[in-house]
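S.K.: One structure, as structure tokens, below. Some questions next.
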Amino acid sequence: MVERTRIRLLAGALAAAVLPGLSGCAGPPYAGPPPPPRYPPYYYDYYYYPHVDVYFHIYSGYYWYPDGRYWRRVRTLPPHIYLYPRYRVLLRVPDEHPYKHHDAHRRKYPPPPKPRPVPEPRVPPQTGQQPGLPPPQPRPDRERDREERDHNVRQNKEYRKKPWIRPQ
Numbered sequence: 003m004v005e006r007t008r009i010r011l012l013a014g015a016l017a018a019a020v021l022p023g024l025s026g027c028a029g030p031p032y033a034g035p036p037p038p039p040r041y042p043p044y045y046y047d048y049y050y051y052p053h054v055d056v057y058f059h060i061y062s063g064y065y066w067y068p069d070g071r072y073w074r075r076v077r078t079l080p081p082h083i084y085l086y087p088r089y090r091v092l093l094r095v096p097d098e099h100p101y102k103h104h105d106a107h108r109r110k111y112p113p114p115p116k117p118r119p120v121p122e123p124r125v126p127p128q129t130g131q132q133p134g135l136p137p138p139q140p141r142p143d144r145e146r147d148r149e150e151r152d153h154n155v156r157q158n159k160e161y162r163k164k165p166w167i168r169p170q
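Each position in the sequence shown, counted from 1, maps to that position plus 2 in the numbering used here.
Structure follows, in structure tokens:
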């Protein structure tokens, strides 16, 4: 009986020591749900071609280009606009419409200088032509030559196409 009382006392002391630690009431008071995560600002990635003032949205595949007083958004550019990939600039624009910041982009990335025209090469005089001789005669009319050749081929039986004969 004494033994049973000791066991009960020991179990009660152990429970008194362990249970408050397991209840979770030993920390600071509850402050509510955690704050929402902070996302970085939303940006749109564009390639800007300063030589023709064209923007290309990388992910959607749309082009923005000026057409008179308005900016147009298209999938394919008109044939008079040619893009040189060498001159493109990657931009991160905080707006869906990149042309709203076009003045700042134009100041920061001016168009490249236009290439100088290549001079025509000097052609040396032909070696067979001597001064004082008349210029060489132009070649005969190609159309007339072709008609003559076709006429000769039709008249000559040798040149006619023969059916294919399999060798045995």
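Note that beta-carbon positions come from the ideal geometry of N, C-alpha and C, so glycine has one too.
All figures in this text were calculated on a predicted structure; none of them were measured in a lab.
The alpha helix (DSSP H) with D105 in it runs from where to where?
M.R.: Taken as a continuous stretch (DSSP letters only), the alpha helix (DSSP H) holding D105 covers H104 to K110.
S.K.: Rounded to whole angstroms, what's the CA-CA distance from V56 to R118? Just pull it up for me.
M.R.: One C-alpha to the other measures close to 23 Å.
S.K.: Contact between the stretch 44 to 60 and the stretch 87 to 96: three or more CB pairs below 8 Å?
M.R.: Output reads yes: the stretch 87 to 96 touches the stretch 44 to 60.
S.K.: Based on the DSSP secondary-structure assignment, which residues constitute the bridge partners of D55?
M.R.: According to DSSP, which records beta bridges pairwise, D55 is partnered with nothing at all.
S.K.: Please say whether H53 and P113 have beta carbons closer to each other than 8 Å?
M.R.: It is a contact, given that the beta carbons lie within the stated cut-off.
S.K.: In terms of DSSP beta bridges, what is R94 paired with?
M.R.: DSSP lists D47 as partners of R94.
S.K.: If the criterion is Cβ atoms closer than 8 Å, does the pair Y72 and I83 meet it?
M.R.: It is not a contact, given that the beta carbons lie outside the stated cut-off.
S.K.: Give the straight-line distance between the Cα atoms of G14 and P38, rounded to the nearest whole angstrom.
M.R.: Rounded to the nearest angstrom, the two C-alpha atoms are 44 Å apart.
S.K.: Under a Cβ-count criterion, where at least 16 other Cβ atoms within 10 Å of its own Cβ denotes burial, should Y86 be classed as buried or exposed?
M.R.: Exposed is the call here.
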